[in-house]
Every structure is written in structure tokens, then in C-alpha cells.
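Colleague: The sequence shown maps to residues 15 to 974 in this note's numbering.
Backbone N, C-alpha and C define an ideal beta-carbon position, used for all residues, glycine too.
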Amino acid sequence: MLQVNLDTGLDGSVAQQRLWKNGMNTSGAAKKSSVHISPRIMMMAVVTVASVAFLDFVEMNAFIVVFLLYGIMDRIQTTKTNAILDAMHNTALSQCTVIRDGHQHVIASKLLVVGDIVVLTGGDQVPADMRLVSITHLKANETVLMGEQEDVEKKHAVHTESLTPDNMVFALTSVTAGEAIGVVVATGQSTLGGSIAKRLKGESKMSVIRRLLGTFQSTRTPLQHALYRLSQNLIVAGLGVLVLMVCIRLARGNRDPRRVYDMAWEQTLVLALAIVVSALPITLPSAVAISVICTGISGSLTKGELIAVKVWGDSVEYDITEPVVGSKGDILRDGVSQVKSNIQVRATLLSSALCSNANTQKSLTKSTQTPTDQLWEAPLVVAAAKAGIWREEVSETFKRVAEVPFSSSRKMMITVNELPAGMTFENVPLPADATLVANVKGAPNYILKNCTQYVRANGSVGSLRASDRTSILEAVDELSSQALRVLAVAIRPMAELPYSGDEEDIDIKFESLCQPLIFVGLMASIDPAREGVKDSIKKARDASVRTVMITGDYHKTAVAIAKNIDLLPVGADCDEEAIDCGILRPNGKYLMEHDLDEITSRVSVFARAKPEDKIEIVKSLQRQGHVAAMTGDGVNDAPALKEADIGVAMGIAGTAVAKGASDMILTDDNFCSIVSAVEKGREIYANIQRFVCFLLTRCLGQVAIVFISVAIGLPDALRPLQILVFNVFISGLAAIALSLEKGDGTVMTQCPRPRHQQVVNKRLWVLVLINTLLMTVGALIVFLVGLSWNFGGEVSMNGIMTDILRSDSNKKIRDAVCRRWLGISRGWRDVADCWGLNWRHGLAIPSDVLCYRMNDNCVDDGIARAQAMTFIYLTILEVLRMYSARSLTRSMFWGASANKAMLWAAVGAISVTVALIVIPKVRDIFGFARLEWFLWLLPIALAVVAAVIIEGIKRFYRVN
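#1: In the DSSP output, which residue or residues are listed as bridge partners for residue 539?
#2: Closer than 8 Å is the cut-off here; do at least three beta carbon pairs connect the segment 427 to 437 with the segment 312 to 323?
#3: Identify the residues that DSSP records as bridge partners of residue 157: which are they?
#4: Quick one: residues in its chain with C-beta nearer than 7 Å to the C-beta of residue 214, no 5 flanking neighbours on either side, listed in chain order?
#5: Rounded to the nearest angstrom, what separates residue 695 and residue 165 at their Cα positions?
#6: Helix, strand or coil for residue 24? Go by DSSP, reduced to three states.
#7: Measuring CB to CB, does residue 707 end up less than 9 Å from residue 785?
#8: Assuming residue 559 and residue 307 are in contact, meaning their beta carbons sit under 8 Å apart, how far apart are those beta carbons, in whole angstroms?
#9: What are the boundary residues of the alpha helix (DSSP H) that includes residue 795?
#10: If you drop the 5 nearest sequence neighbours on each side, which residues of the same chain put their C-beta closer than 7 Å to that of residue 590?
#11: Does the beta-carbon of residue 709, which I'm using as the reference point, lie nearer than 8 Å to any heavy atom of the ligand GTP?
#12: Per the contact definition of three or more C-beta pairs closer than 8 Å, is the segment 563 to 577 in contact with the segment 495 to 512?
#13: Which runs of the alpha helix (DSSP H) spanning at least 4 residues fall entirely within the segment 523 to 579, listed in chain order?
#14: Curious, which full-length alpha helix (DSSP H) runs of at least 4 residues does the segment 652 to 695 contain?
#15: Can you name the start and end residues of the beta strand (DSSP E) that residue 834 belongs to?
#16: Pick out whichever of 372, 756, 332 and 368 has its Cα sitting closest to the Cα of residue 353.
#17: Under a three-way DSSP split, which group does residue 933 fall into?
#18: Is it buried or exposed, residue 155, if we count other Cβ atoms within 10 angstroms and call 16 or more buried?
#19: For the alpha helix (DSSP H) containing residue 186, name the first residue and the last one.
#20: Would you list the residues sitting across from residue 333 in a DSSP beta bridge?
#21: What's the C-alpha gap between residue 350 and residue 327?
#22: Which class does residue 842 belong to by DSSP, given the choice of helix, strand or coil?
#23: To the nearest angstrom, how far is the alpha carbon of residue 423 from that of residue 513?
#24: Given a cut-off of 9 Å, decide if residue 719 and residue 789 are closer than it, judged by their beta-carbon atoms.
#25: What does the Cβ neighbour count give for residue 168, buried or exposed, with the cut at 16 atoms within 10 Å?
#26: By Cβ distance, which residues of its chain are closer than 7 Å to residue 798, with the 5 residues on each side in sequence left out?
#27: For residue 430, name the three-state secondary structure that DSSP assigns.
#28: Would DSSP call residue 808 helix, strand or coil?
#29: Is it a yes or a no for the segment 568 to 588 touching the segment 617 to 625, going by three-plus beta-carbon pairs under 8 Å?
#30: With a CB to CB cut of under 7 Å and the five nearest residues on each side skipped, what residues in its chain are close to residue 921?
#31: Do you know whose CA, among 543, 600 and 336, lies nearest residue 581's CA?
#32: With a floor of 4 residues, list each alpha helix (DSSP H) that falls wholly inside the segment 885 to 945, ordered by position along the chain.
#33: Out of 587, 578, 631 and 576, point me to the one whose CA is closest to residue 596's CA.
#34: Does the segment 119 to 128 come close enough to the segment 21 to 33 that 3 or more CB-CB pairs lie under 8 Å?
#35: How would you call residue 948, buried or exposed, if buried means at least 16 neighbouring beta carbons within 10 angstroms?
#36: Report, in whole angstroms, the separation of the C-beta atoms of residue 197 and residue 28, which I expect to be a contact under 8 Å.
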């Protein structure tokens with residue numbers, strides 16, 4: 015039915031046809047909503063609706079245009095953000111190894127089709143439902159389907175009464191140990207997990223409502239929650255001010271002189287709603303506050319490219335020349351080749367090659383070799399190939415009959431191979447009845463305790479005495495102190511398997527095979543340190559971020575590597591700063607919490623660590639108040655990745671399970687990238703602080719300006735449309751430019767922020783409130799002076815309206831005469847509509863009256879002039895604040911030209927302001943009026959004075 019060859023897999027063309035017919039191997043997750051509705055957009059819509067109800071036609075259309083522009087900007091930003099997130103998601107897509115056209119390929123799991131042959135290994139996520147055709151001690155975690163926490167061992171026998179038969183694995187589950195080959199029998203929603211999800215899709219009306227409401231919610235990081243709470247508090251405060259403003263204006267009976275026949279509550283409502291818009295939550299990125307980085311060695315601190323450089327046996331050390339992959343090389347002692355004559359060396363290389371799953375590809379001349387997989391095993395098969403021992407060939411000669419895969423608890427791997435009749439094991443004398451040989455490789459201390467004999471340099475086998483054990487352990491220490499990773503190699507000749515042929519329990523097999531062993535030799539490999547690791551560790555140390563090495567390597571190996579990369583500085587006390595993890599659990603149980611905390615507070619290198627040790631170390635660091643990042647790549651690392659504040663999985667070497675348990679994936683497996691992420695996170699956080707403080711000052715300042723002007727009976731300092739234009743095009747441009755600021759380069763010289771520190775701390779609140787005070791006082795001074803210069807010293811609405819709206823008069827506001835100051839040379843002049851009042855009947859116009867244009871009035875014009883001056887002050891101050899906010903300590907002139915976006919924002923903001931006030935039709939729409947040149951000087955001068963005060967306060971903070 016599946017029409018597939020189990021050896022060669024599907025043809026590529028057949029796979030494409032099936033993919034086209036049956037679709038992608040996906041879960042059919044709900045599509046993302048194409049409609050984006052943010053609280054800010056919703057509130058702006060409310061303001062726009064209010065403008066339609068209460069404002070005139072021109073203002074209403076201006077509101078709608080601004081609203082649409084803002085909506086477009088918001089949508090563009092959201093689309094860009096989603097595109098970035100999609101790109102990040104695609105880098106972490108699940109992949110699997112399939113056999114097609116007779117070759118292994120790594121493809122995206124979503125491209126799997128029914129009939130594909132898939133290779134599974136420990137740590138893989140099962141990409142589809144599969145029937146297993148080859149099983150090597152495979153265990154799977156099926157918790158997601160069955161709820162059982164224990165791993166399920168897979169066998170060829172079928173238990174038909176089980177929902178998950180033993181000869182099948184299922185999508186959504188994961189492989190925890192062993193290897194297998196399976197044929198895909200179901201993909202997508204046809205899988206067992208997919209069918210369960212499909213049955214759950216029947217929704218009640220209420221669940222549909224909940225789902226629809228859920229589209230308006232988003233998953234937020236802790237930082238975004240803090241920002242959201244801050245914004246919500248501002249909204250509540252803003253709404254409170256709104257209600258208070260309406261009550262005050264109604265109580266005082268004040269109305270806007272420019273809209274004297276409108277209801278007071280209508281005028282105030284639209285104004286207050288425009289203010290509230292500026293206090294709405296803003297979507298911002300997450301940041302990190304890491305204070306400890308817990309990392310392994312291979313691939314993160316080192317290149318992850320092990321190269322075998324030494325062989326050791328019977329107290330003799332041999333050098334592997336030209337050890338790099340792809341070279342011919344040799345194995346020498348005192349310059350003499352050992353590859354043909356030394357029985358002990360050849361036996362070590364043969365056993366290590368047989369106890370490996372890595373392959374080599376050789377040229378026709380057999381002069382070069384390249385491993386195709388397996389970090390730890392690659393150097394072993396490459397070294398063996400230099401002696402002419404090709405794994406592919408010897409595996410055919412010594413056929414494998416059993417395997418116990420490596421595990422972090424056993425610390426060794428075992429294979430059982432046939433010993434062909436009439437053949438020797440590289441001339442090592444074995445018992446005459448031996449038909450099988452177990453090949454063992456792993457941690458030296460674990461293997462050595464199970465050895466009773468050893469192979470001498472001449473190939474003979476002798477009893478392993480205490481002095482021999484001491485010599486071997488000293489050799490391990492010596493090699494490890496050179497930052498070499500050491501593996502021990504041993505064999506066990508057997509007449510037959512020491513367990514039943516149908517035995518499938520991996521632990522029983524291990525216990526039966528692991529002793530007694532014959533020690534053969536040691537293999538030592540080096541994993542060169544990554545470029546830049548030393549500098550990254552120093553940078554982290556300067557930033558008060560501890561780097562902690564947690565590794566399964568031998569203690570002396572870990573210490574040597576730590577010294578090479580300056581993790582342990584010169585002169586460090588290795589007994590104090592580097593320990594074997596056995597110290598943490600002396601009797602099989604972990605120390606008391608306070609004892610653990612004392613150790614983890616000072617130790618930088620933890621050797622011989624088990625997966626559960628990582629969890630205890632992370633918990634201990636967290637108890638001390640640290641924010642811990644943990645790296646990992648294997649299945650057993652997943653719990654520690656989950657436990658850490660930030661789990662970091664390796665993108666190249668990491669298993670699917672580790673990636674699924676992590677918060678971050680390193681695409682290059684490089685420790686330097688973690689430090690760079692910390693630096694970038696701090697820069698982002700500093701940017702967010704600057705950004706929030708900048709906008710917070712604007713929000714509070716606007717509320718204070720408008721509220722105070724209403725409370726003391728002034729005309730509105732700004733009109734609703736002017737506030738909206740300022741927020742979007744003046745402050746908005748400045749905020750965007752500020753968000754692109756790269757920082758002042760000091761973030762990695764500061765201590766990590768406390769875990770629960772607020773985005774706006776006490777020190778920042780002081781700066782915000784001082785900035786708000788300067789913004790408010792300056793704007794009110796400018797507005798009051800503007801009113802006074804246009805109404806003969808009157809500033810209050812009652813004073814302005816006294817002679818205009820008398821109960822016993824039929825005069826209209828258009829008939830008013832205002833007194834305006836026109837500068838030192840021209841002094842005070844009355845301003846009026848020369849076509850109004852008595853002069854429209856042809857009477858002589860007094861010489862001290864300044865004629866105003868027909869069909870307009872001095873009240874509208876006077877208030878508009880004062881509002882224009884206030885707008886200029888706020889614009890110039892916003893531009894200066896933008897430059898000042900780049901750093902909370904450094905001068906605004908420091909690196910002022912580095913951020914080109916700020917220059918364009920400054921030019922744009924000033925240009926918009928000039929256009930709003932100078933261009934006749936534009937200023938009429940937005941409620942401004944033409945200003946004489948000297949009326950520009952006051953707001954500009956006061957804005958500069960305010961900026962100087964702000965810089966002085968920053969200098970005070972810098973000094974103190």
C-alpha cells in the first residue's frame with residue numbers, strides 16, 4: 015500500500031506528487047488574524063467619532079486624515095514585526111532525516127509524506143506517525159498523548175490493545191534514547207495527535223466568543239507586562255483628569271471663546287480624549303537581565319570540532335600527526351610510525367572504530383578521510399583511518415550484533431561484534447572459544463573500575479594491578495591538564511552473549527556486558543577554543559555577569575579549558591573555583607540548600623556534571639537572586655533549560671527536544687552570541703527606558719498643561735487636533751528616532767538590573783517629573799504671555815469675554831475689539847474687524863485701531879497666536895529633549911551626529927511646525943495664526959533654557 019523500498023526510500027518525484035496530493039505535514043493551526051486592533055487605534059477611533067459629533071466639518075476631516083495616517087503607520091510597523099518573528103520562527107522549524115533516492119537527506123518535517131523512510135535518534139521530535147522497521151533500544155516519551163510520564167520502550171512485538179502500539183511512534187512525541195528507522199504511515203491531521211485535535215475543534219457558542227475575544231489579546235513578556243501596567247495606570251489617571259476637567263469647566267461655566275455657542279462639556283470631552291490617546295500602551299521588545307551564564311564546553315566555548323591528537327597505552331604516549339580532518343597523517347613515537355607494528359595502538363584504534371557510529375568517506379587512494387557525523391566519534395574513526403582501519407570495512411568484517419548506546423548516566427557505550435573464525439583482534443591474544451567481542455568506550459574512571467586486565471605494548475594481556483590503575487589515572491590527569499578530552503577504550507571477549515537473546519531491557523544488557531573488561535588504551539582529542547571567547551568572557555565579567563562552566567568532562571580537562579579561555583584567571587585557586595559535581599551529592603543525595611548556595615556562589619567550573627546537577631545549580635543561583643541563562647543541546651538538558659530563567663538551546667548540535675524547551679536558540683552554537691545577546695538585551699532595555707521616559711514626560715506634560723489651563727480659567731492651551739498632530743508628527747518622529755539610538759556604549763560596564771526592578775525606577779521618575787515640570791511651566795508661561803500680548807494683559811476667559819458676552823448686549827464675538835502688543839517700536843494697538851462695528855457704515859476708522867481682515871475676529875486670532883507660540887515651544891523642547899534623552903548621564907552634544915534619524919526627525923518636526931503656522935490654508939485648518947518674527951523668539955528661547963536646565967540636572971547625576 016505504501017509502495018516504498020525500505021532500503022532506498024521514495025523517489026523524489028513520487029514524494030513531490032504525494033506532497034501535492036495530501037498537503038503539508040502540519041497540524042492545521044489556526045491562521046493569524048489579518049486584522050490588527052490595538053488599544054491605541056481603538057481610542058483614536060473613539061476620539062475621531064467624538065470629533066464627528068462635536069467638531070466642525072474641517073476639524074472632523076483633519077481628525078480622520080490623521081487617524082488614517084496613524085493607522086497605516088501602526089499597520090506597517092506590525093507587519094514588519096510579524097515578518098521578523100516569522101523569519102525567526104522559520105530558523106527553528108522542525109527537521110528530520112529521511113532516506114530518498116537511496117541517500118539520507120535532512121528536510122523540513124512539514125515536507126514529509128506517507129511512505130517516507132525516516133531515521134530517528136535520541137533527542138528527535140517524532141515528525142509523523144510511523145511504523146518502526148528497525149529498532150535499537152528506542153525509548154519514546156508519549157506524555158503528550160497518553161499522560162504517562164515514564165518513557166515507553168519500543169519493540170517489534172505488537173500489543174494491539176494499546177492506543178500506541180509498541181512498534182509505532184507518533185507525531186508530537188519525542189525520542190529519549192536509542193535509534194530506529196520507521197516508515198511514515200500518517201501525516202498532518204491524519205496522525206493520532208491530529209485526529210485528537212480535530213475532535214476538539216467542536217466549539218460551543220461561548221467558546222467561539224472566547225476565541226474571538228482572544229484575538230484581541232497578545233502574549234506579553236514580563237517587561238511588556240510592566241509597560242502595559244504602567245500605561246494602564248496612565249489611562250486610569252487620564253480618565254480621572256478627563257472627568258475632573260469636565261466638572262471644573264461646567265462648574266465655572268467657562269467656554270472656549272472661539273466656540274462660545276458650543277456646550278462646555280462637548281469642548282472639554284474632545285480635548286480630554288485627545289490627551290488620553292497619548293497615554294495608551296506601546297508594544298515594545300523584550301530584554302534580558304542575565305547575571306549568570308551557565309554553559310557547557312563543546313560547540314559553545316569551543317569550536318565543537320574534536321580532533322584526536324594522542325593515543326596512550328601501557329605507559330607510552332603516541333602522537334597523531336596532521337590530526338586535522340582530511341589529511342593523511344601518521345601515529346608516531348619518537349618519530350617512528352606505529353600504525354603497522356604496534357599491536358596495542360592498532361587494537362585501541364580498531365576497538366574505538368567498532369564502538370562508533372560515525373562514518374568516513376575515503377578517496378580512491380585511501381589517503382584522506384572525512385567524518386560525516388558524530389562529534390565525539392568522528393576523531394576516533396579519523397585516527398583509525400590514518401592506520402588504515404576504515405570503519406566501514408571493519409564493520410563488515412566484525413559484524414555488530416548488539417549495542418548499548420551512550421547515556422549521561424552510564425558514561426559509556428558498548429557494541430558487541432562477531433569475531434570471525436580464524437581471525438585475531440589485531441593480534442591481541444583472546445580466549446580460544448571467543449566468538450564475540452564487546453567494544454567499550456567512555457569515561458576513563460567509569461571504565462577503569464570495571465577492568466581486571468590490560469593490553470601491553472607488545473599485545474599481550476596482563477592482570478591490572480593497583481600500580482597499573484594509578485599509572486592510567488595519572489595519564490588521564492596529564493592529558494586532561496592539556497585541555498584534551500580523554501576516552502578510555504576496553505574490550506571483553508565472549509563465547510556467547512551473557513544475556514538471553516530475546517532480552518530487550520537495555521539496563522540488563524549493560525550490566526551483563528560492562529564487566530569484566532580488558533583495558534586497551536586511551537584516546538585524547540582536542541576541541542579548540544572559539545575565536546573571541548576570551549574577549550566575550552571578559553566583556554561579561556566587566557558587565558558583572560558570571561560565566562559558569564557546567565560540563566560532563568573530567569575535572570582536569572574542564573580546568574585546563576577554563577584556564578585556556580580565561581574563565582579561570584591566572585592565579586585562581588582551582589580547588590575553590592572548580593569542583594567535581596560529586597561533591598554536591600556526597601552520599602547520593604544533594605547537600606542542604608545553604609551548603610549548595612555557598613558552593614555555587616564561588617565556583618565557576620563544575621566537572622562531571624549530570625543533567626540533574628544542572629537543575630540544582632540553576633535553582634541555587636536563582637535562590638541567590640541571580641537571573642540564570644542555561645545552555646544545552648541534549649534531551650537530558652531539557653529540564654534544566656526549562657528551570658533556567660532563559661534556556662538557550664544549540665541550533666546546530668541541539669536536539670529538537672532541547673530546542674522545544676528553550677527560550678532562545680543559538681543558530682551558531684557560539685558562547686560569544688550569548689554575551690552579544692546580553693549586550694543587545696541591555697541596549698534594548700536602556701532604549702526602552704529612554705523611550706518610555708521620553709513619552710512619559712510628554713504625556714504627563716500635556717495632561718498638566720491642559721488641566722491647569724482649564725482649572726485656572728484660561729482658554730485651551732492646545733486644541734484637540736493640535737494635540738493629536740503634535741503626538742503623531744512631532745513627538746512621534748522624535749520617539750522613533752530615539753528608539754533607533756545605539757546607546758552610549760556603557761551598558762556592559764553596569765551591573766545587571768535587579769530581577770523585579772521597574773522600567774521607570776525612582777531615579778528615572780525624578781528626571782521624568784523634572785522634565786514634566788519644565789515642559790508644563792514653560793508652555794504655560796509662553797501661553798500666558800501670548801494671551802497677554804493679544805488681549806491687553808487679559809489672560810482668563812472671563813477677562814477676555816467680559817466686554818463681549820454681556821447679558822444686556824446683542825454684540826457678537828466678531829464685533830470685539832482686542833488690544834495687541836506689536837513690539838517695542840509699534841507698542842500696543844487695538845485690533846478689530848474694520849468692516850464690523852460702526853465702521854462698516856462708513857464712519858472714520860480711529861488712527862490707533864489696527865484693521866483685521868474681513869469675516870474674522872481678534873478673539874479667534876489672539877488665542878490662535880498664543881496656541882501657535884505654545885506649539886513652537888513644545889516642538890523645540892521636544893527636539894532638544896530627544897537629543898538629551900539619548901543618554902541619562904552624558905551631554906546631549908556627545909555623538910550628536912551619530913544617529914542620522916534624529917537629524918531627519920528634528921528637521922521634519924521643525925518643518926511640520928513651520929508649515930502649520932506659516933502656510934495660510936494649513937494654519938486655518940489646524941487653528942493657528944500668523945506670527946510676527948519676534949513672537950517666535952520667546953518660545954524658542956524658553957525651550958533652550960529648559961534644555962540647559964535638563965542638562966544641568968544630568969550633570970549633577972553624572973557627578974554624584
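Modeller: Answer, in terms of the structure:
#1: 322 and 499
#2: no
#3: The partner list for residue 157 (beta bridge, DSSP) is empty, contrary to what the question assumes.
#4: Low per-residue confidence applies at residue 214: pLDDT is 49, beneath 50, and the placement is therefore not dependable, though the value from the model is reported in the following sentence. The answer is none, since no qualifying residue turns up.
#5: 38 Å
#6: strand
#7: yes
#8: 6 Å
#9: 776 to 804
#10: 616
#11: With respect to small molecules bound, the structure shown includes none, and the ligand GTP cannot be examined in it.
#12: yes
#13: 547 to 556 and 569 to 578
#14: 652 to 657 and 670 to 675
#15: 832 to 835
#16: 332
#17: coil
#18: buried
#19: Run containing residue 186: none; DSSP gives neither H nor E here.
#20: 324 and 346
#21: 16 Å
#22: strand
#23: 21 Å
#24: yes
#25: buried
#26: 809
#27: strand
#28: coil
#29: yes
#30: none
#31: 543
#32: 914 to 932 and 934 to 940
#33: 631
#34: yes
#35: exposed
#36: Their Cβ separation, rounded to whole angstroms, is 14 Å, which puts residue 197 and residue 28 out of contact at 8 Å.
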